[in-house]
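Take the position in the sequence shown, starting the count at 1, then add 3; the result is the number in my numbering.
Report on the structure given below.
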Amino acid sequence: MARRRMIYEGKAKILYEGPEPGTLIQFFKDDTTAGNGEKHELIEGKGVLNNRLSEHFMTGLASIGVPTHFIKRLNMREQLVRAVEMIPLEVVVRNVAAGSMSKRLGIEEGTQLPRPIIEFYLKNDELNDPIVSEEHIIAFGWATQQDLDDMVSLGLRVNDFMSGMMMGVGIKLVDFKIEIGRVFEGDFQRLIVADEISPDSCRLWDVESGQKLDKDVFRRGLGDLSEAYTEVAKRLGVMPRQN
Ligand code: C5P
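Next up, the structure:
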């Protein structure tokens with residue numbers, strides 16, 4: 004078989020040209036990074052778990068009408084997705100103070116927020132993905148006001164769905180990050196959830212013990228990351244099998 008053309012290699016994933024126009028193949032690597040690549044390890048099987056978990060979250064979202072780029076899982080490490088024009092922003096939704104919000108605002112980690120709070124970060128490795136305001140986004144043309152409204156709405160819908168799904172298996176969805184892309188359909192365009200949703204991009208705390216079941220285990224050196232992700236997959240009943 005001819006070697007596929009690589010479109011883009013990121014820290015944890017590779018995108019290849021897909022079999023049909025308008026499609027891509029998303030490959031999940033075992034590479035695990037923190038601090039914008041400062042800490043880097045290969046964690047065997049992490050890519051397999053994230054491929055399966057992202058499939059689970061994306062298909063769940065599609066089932067309640069939230070549009071995503073996911074088409075189908077191809078194998079243990081690859082999924083077929085729709086090609087999108089990525090919006091150069093990360094959308095973070097927070098239910099509980101943690102991580103950079105706690106640091107920036109001095110709010111103790113674990114403090115329940117009065118309502119879900121949405122933040123935007125500019126995707127720019129050289130600048131360490133700085134937080135940006137809606138004013139910045141509009142003024143510098145990274146997205147339109149309509150895009151912003153749609154991103155907030157997508158973020159809140161993903162939050163509602165994911166919070167419920169995780170609470171059902173005894174896990175608190177503390178916060179998460181999504182990335183959003185634009186697709187063109189005839190004269191119309193709309194925004195859809197792209198990239199991945201996995202424990203790499205969420206904070207997940209066990210409701211009973213507070214145990215962290217997400218990438219903070221790696222960032223903060225708290226133990227075995229693949230054990231944590233396996234626990235999430237087991238509770239959701241989506242342990243990857245051979246293919
Ligand atoms: O670090 P911070 O507290 O801003 O992260 C908020 C949420 O966004 C966390 O769930 C984290 O895993 C996720 N995130 C991410 N990729 C980044 C930054 C944050 O997935 N580049």
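Note that the Cβ used here is the ideal one computed from N, Cα and C, for glycine as well.
Keep in mind it's a predicted model, so treat the numbers as computed, not measured.
> Cβ of V95 versus every heavy atom of ligand 1: is any distance shorter than 8 Å?
Replying inline: In terms of side-chain proximity, the C-beta atom of V95 is found nearer than 8 Å to a non-hydrogen atom of ligand 1.
> Does ligand 1 have a heavy atom nearer than 8 Å to the CB of M104?
Replying inline: M104 has its CB nearer than 8 Å to a heavy atom of ligand 1.
> What are the boundary residues of the alpha helix (DSSP H) that M71 is part of?
Replying inline: For the record, residue 71 in the displayed sequence is Thr; it is not Met. Neither: T71 is in no alpha helix (DSSP H) and is coded neither H nor E.
>> So, with DSSP's three-state summary, where would you put D152?
In response: Here D152 sits in helix by DSSP.
> By DSSP, does G38 sit in helix, in strand, or in coil?
Replying inline: Three-state result, G38: coil.
>> With three or more beta-carbon pairs closer than 8 Å as the criterion, would you say the region 13 to 28 touches the region 206 to 220?
In response: With a cut-off of 8 Å, the region 206 to 220 and the region 13 to 28 do not count as touching, because too few Cβ pairs lie within range.
> In terms of alpha-carbon separation, which member of V196, R244 and L83 lies closest to T71?
Replying inline: Minimum Cα-Cα distance from T71 among the listed residues V196, R244 and L83 corresponds to V196.
> Measuring CA to CA, which of G158, A15 and M168 is closest to V235?
Replying inline: Minimum Cα-Cα distance from V235 among the listed residues G158, A15 and M168 corresponds to M168.
>> Quick check: what's the CA-CA separation for D153 versus V172?
In response: When rounded, the distance between both Cα atoms is 29 Å.
>> Check for me: the beta strand (DSSP E) holding L83 runs from which residue to which?
In response: Residues E81 to R85.
> Exposed or buried, which one is S156 when buried takes at least 16 other CB atoms within 10 Å?
Replying inline: The residue is exposed, with fewer than 16 neighbouring Cβ atoms inside 10 Å.
> Can you list, in chain order, the stretches of the alpha helix (DSSP H) that have 4 or more residues and sit fully within the region 86 to 152?
Replying inline: Within the region 86 to 152, the complete alpha helix (DSSP H) runs of at least 4 residues are 102 to 108 and 137 to 142.
> What did DSSP end up calling R55 once you bin it into helix, strand or coil?
Replying inline: DSSP places R55 in helix when its eight states are reduced to three.
> Looking only at C-alpha atoms, which of F164, R97 and V96 sits nearest to F60?
Replying inline: F60 has its Cα closest to that of F164, out of F164, R97 and V96.
> Grouping DSSP H, G and I as helix and E and B as strand, with all else coil, what is V247?
Replying inline: What is shown of the chain runs 4 to 246, which leaves residue 247 out entirely.
> Got a sec? Which residues, its chain only, sit under 7 Å from R80 by beta carbon, not counting five neighbours each side?
Replying inline: Around R80, the same chain offers F30, F31, G50, V51 and N54 as residues with beta carbons nearer than 7 Å, after the five sequence neighbours per side are excluded.
> In terms of DSSP beta bridges, what is K175 paired with?
Replying inline: Answer is W208, bridged to K175.
> Should D227 go down as buried or exposed, given a rule of 16 or more other Cβ atoms within 10 Å for buried?
Replying inline: Classification for D227: exposed.
>> For E88 and K126, which I take to be in contact (beta-carbon distance under 8 Å), what is that distance rounded to the nearest angstrom?
In response: Rounded, the Cβ-Cβ distance is 13 Å, inconsistent with contact.
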